[in-house]
Amino acid sequence: MMSRGVIIIALAVALAHAGAAAQSVSVVGKWAVSQSRCDSETIAFEADGAFTSTLDDNQPRAGKYRTGRDRIILLDEQEPDRELALIIIDFSPTRLVAFDETIESDRRLVKCR
């Protein structure tokens, strides 16, 4: 039988791990609306916090990003005072569904291979 101390410590470790995991998501990599569009219409997130996007033909974007528990904040270098948010609806290592405030619609993206 486990002692209360061991159970409490195990519970504390599990909660701390869950809290850290909920802090932010890792979106590093290149994402597109389909695998066939991975050469043309993408958003790429770099490990150093930079992003580039060609998802909107008429308005390519580049700048910095940061992630939170349920959103990706884009700081476009053309509009440094304006934060653009991608609100995460569903996320897995190969799929990202987010509400894009700039187009006021969902974006359904797959991770490029």
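In terms of mature numbering (1 follows the signal peptide of the UniProt record, and there is no 0), the sequence shown is residues -22 to -1, 1 to 91. For every residue, glycine included, the Cβ atom is placed at its ideal position computed from N, Cα and C.
Going by DSSP, what residues sit across from residue i in a beta bridge?
i: S31; result: I21 and R39
i: I65; result: R49 and F77
Between which residues of its own chain and residue i is the CB-CB distance below 6 Å, once the five residues before and five after are set aside?
i: residue 94; result: Outside the modelled stretch of the chain, which goes from -22 to 91, sits residue 94, for which no answer is possible.
i: T80; result: L62
Between residue i and the rest of its own chain, which residues show a CB-CB distance below 7 Å, the 5 nearest in sequence each way excluded?
i: F23; result: V5, V6, G7, F29 and Y43
i: R49; result: A63, L64, I65 and I66
i: I51; result: Y43, R44, E61 and A63
Quick one: what does DSSP say residue i is sitting in, helix, strand or coil?
i: S12; result: coil
i: D26; result: coil
i: D84; result: strand
i: R44; result: strand
i: D54; result: strand
i: S70; result: strand
i: A(-2); result: Confidence in A(-2) is poor, its pLDDT being 43 and thus under 50, which makes the residue's placement too unreliable to answer from.
For residue i, which residues in the same chain have their Cβ closer than 8 Å to its Cβ, ignoring the five residues on either side in sequence?
i: D84; result: I67, V75, A76, F77 and D78
i: Q13; result: V88, C90 and R91
i: G27; result: K42, Y43 and R44
For my contact list, residue i and residue j are in at a C-beta cut-off of 8 Å; report their separation, rounded to the angstrom.
i: C90; j: T45; result: Incorrect: roughly 18 Å between the Cβ atoms, too far for contact.
i: G41; j: D59; result: About 12 Å separates the two Cβ atoms, so there is no contact after all.
i: C16; j: A10; result: 5 Å
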